[in-house]
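Student:
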Ligand code: HEM
Ligand SMILES: [Cu+2]
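Protein chains in written order, with full-length UniProt numbering: chain A, 1 to 218; chain B, 1 to 564.
1. Under 8 Å: do the segment 143-153 of chain A and the segment 372-386 of chain B share three or more Cβ pairs, one atom per stretch?
2. Does any residue of chain A have a CB that is nearer than 9 Å to the CB of residue 394 of chain B?
3. So, does the CB of residue 108 of chain B fall closer than 9 Å to a CB anywhere in chain A?
4. Is residue 605 of chain B close to chain A, meaning its C-beta is less than 9 Å from at least one C-beta of that chain?
5. Please report the Cβ distance between residue 542 of chain B and residue 200 of chain B, rounded to the nearest whole angstrom; I am assuming they are in contact, meaning their Cβ atoms lie under 8 Å.
6. Does DSSP put residue 143 of chain A in a helix, in a strand, or in coil?
7. Suppose you measure from the CA of residue 55 of chain A to the CA of residue 73 of chain B; what does that come to, to the nearest Å?
8. Under 5 Å from any heavy atom of ligand 2, by CB: list those residues in chain order, please.
9. What in chain B is Cβ-close to residue 25 of chain A, meaning under 8 Å?
10. Using the beta-carbon count (16 or more within 10 Å), is residue 337 of chain B buried or exposed?
11. Is residue 535 of chain B close to chain A? Criterion is C-beta to C-beta, closer than 9 Å.
12. Would you mind stating whether residue 187 of chain B and residue 112 of chain B have Cβ atoms separated by less than 9 Å?
13. Which residues in chain B sit within 8 Å of residue 144 of chain A, going by Cβ to Cβ distance?
14. If you draw a straight line from the alpha carbon of residue 251 of chain B to that of residue 238 of chain B, how long is it in whole angstroms?
15. If we define contact as Cβ-Cβ less than 9 Å, is residue 371 of chain B a contact residue for chain A?
16. Decide if residue 235 of chain B is buried, meaning its Cβ has at least 16 other Cβ atoms within 10 Å, or exposed.
17. Hey, is the segment 29-38 of chain A in contact with the segment 337-353 of chain B, meaning 3+ C-beta pairs nearer than 8 Å?
18. Using a Cβ-Cβ distance cut-off of 9 Å, determine whether residue 140 of chain A contacts chain B.
19. Could you tell me which chain A residues have their CB closer than 7 Å to the CB of residue 517 of chain B, listed as they occur along the chain?
20. By Cβ distance, which residues of its chain are closer than 7 Å to residue 265 of chain B, with the 5 residues on each side in sequence left out?
21. Residue range of the beta strand (DSSP E) that residue 111 of chain A falls in?
22. For residue 193 of chain A, report the span of its beta strand (DSSP E) as first-last.
23. Kindly say whether residue 564 of chain B, judged by its beta-carbon, lies nearer than 9 Å to any beta-carbon of chain A.
24. Terminal residues of the continuous beta strand (DSSP E) containing residue 156 of chain A?
25. Have a look at A/121, A/141, A/135, A/186 and flag the residue whose alpha-carbon is nearest the alpha-carbon of residue 194 of chain A.
26. On the criterion of 16 or more Cβ atoms from any shown chain inside 10 Å, does residue 94 of chain B qualify as buried, or is it exposed?
27. Is it the case that the CB of residue 146 of chain A approaches a heavy atom of ligand 1 more closely than 8 Å?
28. Which residues bound the alpha helix (DSSP H) around residue 586 of chain B?
29. Who are the near neighbours of residue 418 of chain B in its chain, counting only those whose CB is closer than 6 Å to its CB and skipping five residues on each side?
30. With distances taken Cα to Cα, identify the nearest neighbour of residue 125 of chain B among B/173, B/391, B/350, B/398.
31. Determine the direct distance from the alpha carbon of residue 105 of chain A to that of residue 119 of chain A, and round the result to whole angstroms.
32. Are three or more beta carbon pairs between the segment 310-321 of chain B and the segment 384-403 of chain B nearer than 8 Å?
33. Cβ closer than 7 Å: which chain B residues qualify as neighbours of residue 45 of chain A?
34. In the DSSP output, what is residue 133 of chain A paired with across the bridge?
35. Does residue 86 of chain A pass the burial test, meaning 16 or more other C-beta atoms within 10 Å, or should it be called exposed?
36. Are any of the Cβ atoms in chain A nearer than 9 Å to that of residue 288 of chain B?
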């Protein structure tokens, strides 16, 4: 689950930096409010600016920005490196208001859909340990396929196919949702994504149903 | 040096018998102060209405599976709430402040092209009325979200009249704002009093220059996007093509990101003025701040694609670069604000409380903005409640706090009466508690997987208690805003009854020229028999006080010689 790992690394670093900056600024504000209150009779500074200090400060900011841009772009490319094995292909179609998952390479031409009402959610079945290429499209408005536990989403446009590749490293079942507002039942446009062993996946492609079970991501 | 009123002959009502004090006198006035106040007043009223819509949404989301309104209505609520707050509240309020304050701050007797400014105001009002009237149509108001992507917003998927009214309304209101932006910019460039060089402009005027440049440069893209939407509603085949769907997004966000800074700079600058005045010193790092506003405005036109990282159809590396680069000018502005208070002598009056809270609260919006500007983070959190939290920290915890700082600060100038300090403090604390209680949990909700724009959620999603916290926070906000409304109405009533007790020309010991005239200022801003103080810097009144103080000291040494 490269997406989850990359997200975790970058999010942790940026959160830590953000928390640090926030605390420093908060401390400065509190310091000013406590120490420079009129009641304590401080003399207001008449120094209108500190250009040298400001120049260094801008230099630090720019250097940090440059680092952040380069490092996160590199992480982004890591995340989207083409897989080293030919991926399994699944065609995903969003529609108002549910999903359809087609397996073009399966002998039985398996295709799954549902109504997204009550418990009738379609399940996207994928094998563990093998790259899976999702080909996303839509037949009406824009939707977006989001698997929160995977920390990734991608939009599904009509008249356009978006692809992304994911590899799930262990078996389990996770919730997926539509993230792009698509009309009245957008809130209910959920699905399951289920990773099964390659053998079970093979049987599935031949038209056999799979057992159910839930899991948690790591 | 006295500024004559060259436009006196052309700016009055031309001898027509319009009673200046009557309502007709107000709505046809070419006095920039009245146009500014009309704009501000109108947007505050809409602000309250949009707040009511937010409360409805928060009550529905307080617990899982609630159905206060049906999902179709819920979509109308967030669409009109978001559209209203952006197109009809924070943007016009910002330009309205510019209309009122810029001529005063630069020592001018009026605004350039006052009739055009008035036209701009009326277009804005008409647009707001049109958009809101969608609620009165059979299928209700528009329900496509504030950015209304096609094909969802086309005629096939949004057949209602409300959608047409939304397009027309937003188009008119934005046209009005563009016109007002032009006149404010023209005023600040061409109508400055003698001695008011560009580098003596108050920070607020600089923020209006940067904002108006963005209004002029970027807002027409919204008009184009809306026109495209209108064409697509007439001809359904347009939005069957991906080119136009993604093209709309590019056009929209070319407007959509700069508008965020139009809803930010004027409030930031109001905060800057308040920080300086209540720190008893001139604003620290003035040149850096003015320059950073311009850099910010220029960069803002190159970042739009960061709203489209998840479309798979944008150059993510490039937009991430420009977006993250924004932290440099933003950091410079923080340098100025923090430096000002660190060397100050702080008086904690109500405007100052709001200005101080702006600093850390807006910072949360800014720091999370860097996060969503990072593609690998944005893939997860875009279109989730994380973004809802981020945008409300920017616009509510930030800009709206700046707005309130501005209202408390400039009310004595505008009305001649002070707002109640006690109610102001109550308002402030309720708002601080409410804001953070409402919007902080939303970061966690988005992280956990709650999509934005959902009418409800299931109990097993595990979103219940964070949503409950957010809704309780909304209750605090409602009470806080209620206190504010009482405060304003009460003060206005005292003014109307003549029982307000005059606040004086300069109750705060402020720095800029608007405080060198009476409260409220006369028709042409500076009475002919009262000379403007010499404009020696961007804080001429502070200079004057300093000169008087040193003069007085010298005078005292010379025994009895008068310092003035
Ligand atoms: C200056 C004040 C505010 C501004 C500028 C503002 C702006 C926005 C915008 C632009 C949206 C997105 C609409 C869309 O997705 O199309 C939104 C949604 C929302 N706002 Fe506000 N808002 C403000 C104040 C508030 C307040 C005070 C509350 C809470 C009491 C609130 C609660 C909400 C809620 C619940 C949503 C819907 C989120 C969703 O379903 O995705 N807003 N707001
Ligand atoms: Cu959808």
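Cβ coordinates follow ideal geometry from the N, Cα and C atoms, glycine included.
Tutor: Looking at the atomic coordinates:
1. yes
2. no
3. no
4. Since the first and last residues shown for chain B are 1 and 564, residue 605 of chain B lies out of range.
5. About 12 Å; that fails the 8 Å criterion.
6. strand
7. 53 Å
8. A/143, A/178, A/182, A/189
9. 334, 338, 359, 360, 363
10. buried
11. no
12. yes
13. 310, 383
14. 15 Å
15. yes
16. exposed
17. yes
18. yes
19. Residues of chain A passing the Cβ test: none, with the nearest at roughly 25 Å.
20. 207, 210, 211, 293
21. 111-113
22. 190-196
23. Per-residue confidence for residue 564 of chain B stands at a pLDDT of 37, beneath the threshold of 50, marking its modelled position as unreliable; the derived number appears in the next sentence. Residue 564 of chain B does not count as touching chain A.
24. 152-156
25. A/121
26. buried
27. no
28. Limits of chain B in this structure are 1 at one end and 564 at the other, which puts residue 586 of chain B out of reach.
29. 412, 503
30. B/173
31. 28 Å
32. no
33. 281, 343
34. A/89, A/165
35. exposed
36. yes
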